[in-house]
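Just so it is clear: in the sequence shown, position 88 is 91 by the numbering used here, and no numbers are missing.
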Amino acid sequence: MKYFLLILLASLTACNHVEPIRSTQMPVVPIVVDPQAQQMSRNEVINAVNECESSGMRAVPIISKRLISGMMSDIIIDVQCMPRLRWFNN
Numbered sequence: 004m005k006y007f008l009l010i011l012l013a014s015l016t017a018c019n020h021v022e023p024i025r026s027t028q029m030p031v032v033p034i035v036v037d038p039q040a041q042q043m044s045r046n047e048v049i050n051a052v053n054e055c056e057s058s059g060m061r062a063v064p065i066i067s068k069r070l071i072s073g074m075m076s077d078i079i080i081d082v083q084c085m086p087r088l089r090w091f092n093n
């Protein structure tokens, strides 16, 4: 009986092999910057948001990245009107 339990325990621990983590570094993903994307002015964004809200929809900005003063910055290139969520109606 002792040998049976010893063999059972040894076989269970042999099956419990965990693959080690090979790398702890995060993957490097390049940021693709579109030089053709034109930034909307502040007034254009405000007008687009007001148009969406006046029609009973919500405004969703489409954002791109731009290199400004050596740092990546978000810029708004378009505003889309999407339907409001049923449980989020205001």
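We treat Cβ as the ideally placed atom computed from N, Cα and C, and that holds for glycine.
- Rounded to the nearest whole angstrom, the C-alpha separation of I80 and A62 is 13 angstroms.
- Between I65 and Q42, the gap from beta carbon to beta carbon reaches 8 angstroms or more.
- Membership of V52 in any beta strand (DSSP E) is not indicated; the residue belongs instead to the alpha helix (DSSP H) covering 45-57.
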